[in-house]
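Student:
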DNA sequence: CTGGGCGTTTGTCAAATACAAACACCTATG
DNA sequence: CATAGGTGTTTGTATTTGACAAACGCCCAG
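Protein chains in written order, with the numbering used here: chain A, 11 to 281; chain B, 11 to 281.
(1) Using 8 Å as the limit for Cβ to Cβ distance, is residue 88 of chain B near chain A?
(2) Name, please, each residue of chain B whose Cβ falls closer than 8 Å to the Cβ of residue 26 of chain A.
(3) Looking at C-alpha atoms only, which residue of A:162, A:168, A:174 and A:125 is the closest neighbour of residue 152 of chain A?
(4) Quick check: what's the CA-CA separation for residue 123 of chain A versus residue 67 of chain A?
(5) Is residue 180 of chain A helix, strand or coil by DSSP?
(6) By the three-class DSSP mapping on this structure, what secondary structure does residue 103 of chain B have?
(7) Does the beta carbon of residue 227 of chain A fall short of 7 Å from some heavy atom of the ligand ZN?
(8) Taking DSSP as the reference, what is the three-state secondary structure of residue 220 of chain A?
(9) Which stretch, first to last residue, makes up the beta strand (DSSP E) that contains residue 235 of chain A?
(10) In angstroms with no decimal places, state the Cα-to-Cα distance between residue 218 of chain B and residue 186 of chain B.
(11) Just the Cα atoms here: how many angstroms apart are residue 212 of chain B and residue 96 of chain A?
(12) If you follow the alpha helix (DSSP H) that residue 158 of chain A is part of, which residue opens it and which one closes it?
(13) If you measure from the beta carbon of residue 159 of chain B to each beta carbon in chain A, is any gap under 8 Å?
(14) Since residue 224 of chain A contacts residue 254 of chain A with CB under 8 Å, what's their CB separation in whole angstroms?
(15) Exposed or buried, what is residue 249 of chain B when buried is set at 16 or more other beta-carbons lying within 10 Å of its beta-carbon?
(16) Counting only beta-carbon separations shorter than 8 Å, does residue 150 of chain A have a partner in chain B?
(17) Which residues share a DSSP beta bridge with residue 62 of chain B?
(18) CB-CB under 7 Å to residue 83 of chain A, same chain, minus the five flanking residues each way: which ones, in chain order?
(19) Just curious, the beta strand (DSSP E) that residue 210 of chain A is in, first and last residue?
(20) Look at the alpha carbon of residue 166 of chain A and the alpha carbon of residue 184 of chain A, and state the distance between them as a whole number of angstroms.
(21) Considering just the uninterrupted stretch of the alpha helix (DSSP H) at residue 258 of chain A, what are its terminal residues?
(22) Which partner residues does residue 121 of chain A have in the DSSP bridge list?
(23) Note down, in chain order, each residue of its chain lying with its Cβ closer than 6 Å to the Cβ of residue 195 of chain A, except the 5 sequence neighbours on either side.
(24) Which residue marks the beginning of the alpha helix (DSSP H) containing residue 45 of chain B, and which one marks its end?
(25) In whole angstroms, what is the alpha-carbon distance linking residue 251 of chain A and residue 154 of chain B?
(26) Whose Cβ in chain B lies nearer than 7 Å to the Cβ of residue 37 of chain A?
(27) Helix, strand or coil, according to DSSP, for residue 276 of chain A in the structure here?
(28) Going along chain A in order, which residues have a C-beta closer than 8 Å to the C-beta of residue 123 of chain B?
(29) Kindly list the residues whose CB is nearer than 6 Å to the CB of residue 72 of chain A, restricted to its own chain and excluding five residues on each side of it in sequence; keep chain order.
(30) Just list the residues that DSSP pairs residue 93 of chain B with in beta bridges.
(31) Would you call residue 121 of chain A buried or exposed, if buried means 16 or more other Cβ atoms sit within 10 Å of its Cβ?
(32) Using a beta-carbon distance below 8 Å, is residue 21 of chain A in contact with chain B?
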């Protein structure tokens, strides 16, 4: 209705965007019926019905009785994407070993669209937490308040970090969260200097994490790893040093293996 | 299999379908550039460019240099969908225990759109196979030649089984695969009678699997589990009986727990 | 310096979608 | 048992919106 000037650059297809609005709504509502979705999205029933029918024909949505749900197709495609990721393929067993050795939670993360995504999580023996925490990869989250995130930020080009901050800001999570540019850039330099990152109750009160980046041979950061646990335990001096050693060492092992494999990866895709 | 005349009941949105064509092409090609995709999909460059831009704006695609890839967004949504599935939430730890106890591969599967989807896999100590096999959930596959699939089919309404056969046929995979309706329906009755299913080299030569269904209190089948291993080992009489016992027992435990949690309404399922 | 490859942008017309209203179906309830 | 109000689904139609080809700018190799 309002005359949007035909926005110059990339012409975005509204029909496709709306399809993903439907997907997001189905996620938010944990499945929904036609009318419910129509209200939620401010579209007419018939339009929503057509989107759902199409998504269903594409097998990304299932209908159970009268309610529509996202289908496991997302999981299948998602697992494919994860398996394509070299950091995941190489890092997974190493992270498992790290969790076993330290007994703490271990994480493998990467960056996408300026946010952090966990590729894999394992909990060691000492790690106690809700089943939910361990089993669910939560949504993409800010990079500036996690150990994995800060390790990544520290090795991203400065202009990219600036872009990310412009895009998402630096929202606080606890009293310890870094929320200003200057502080953050200082922190990132410290991280680069000492080779590991620390999340000192900046995300969750009582939780500390130690992270280290994984970069490829060209200096590009592929992602990062971390271990985390209760501050009380994590802060004991000798234990702390030991953990840093383990994390940095594991990151190093992954790095070497990734770079050995990636030499073949520079070829253009065949046919 | 022929195209439907456009005038039909559910009006399907071509723009949305094409967006998913792009997604599938990106999966097939392991990422691609604009021109490559345009050729692959028989669309003009500019059109493909617009689809990619839109998918990127929606964060389901990332651009690395000049090549476009599916993003981890699929994994995040997929993990959400999996976690929504009660069979996964309840079954996962039980399947892990089953794999540990038996030492074999253990699977947790469900049905969607008439095909089988693995929700979870674990490999026990004795199970040796390629890393790939274990780590990757492959695409949705036929139900009629796996132990999990047959256990599911055996407890689906007959008309639904008919629909599935009409839709996908009964393609052979090995010499042992069941490829006729009559044989299959007989087999399904046997499975119902004895309470477990057997895949005797019907999918992969040399591999046997034992499966059992998980149904809810209304008799609707939610999915199934299985263990699998080399025929030589699996066929040893006492071991065989022991495995059946373990599988049926685990399925039962999951069933009880699911039904305790599922106090609410349930709808009959359609595709 | 030049040609051909690429990704991106633009103008235009036809096609594909949004909308509302009608339809069919349920299941509560007076 | 009929009716009212709630679904999901279908249809006709106006027009928004996406498809196309051609042009643009860029980069690299010959």
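Glycine included, C-beta positions come from ideal geometry on N, C-alpha and C.
Tutor: Concretely, from the data shown:
(1) yes
(2) 25, 26, 29, 61, 64, 65 and 68
(3) A:125
(4) 29 Å
(5) coil
(6) helix
(7) Within the structure as shown, the ligand ZN is missing, as the structure has no ligands at all.
(8) strand
(9) 231-240
(10) 11 Å
(11) 33 Å
(12) 157-163
(13) no
(14) Wrong, their Cβ atoms sit about 16 Å apart, outside the cutoff.
(15) exposed
(16) yes
(17) Its beta-bridge partners do not exist; DSSP assigns none.
(18) 69 and 70
(19) 207-210
(20) 24 Å
(21) 247-272
(22) A:126
(23) none
(24) 44-51
(25) 55 Å
(26) 87 and 90
(27) In this prediction, residue 276 of chain A scores a pLDDT of 45, lower than 50, which makes its location untrustworthy; no coordinate-derived value is stated.
(28) 69, 72 and 81
(29) 79 and 81
(30) Answer is none; residue 93 of chain B lacks a bridge partner.
(31) buried
(32) yes
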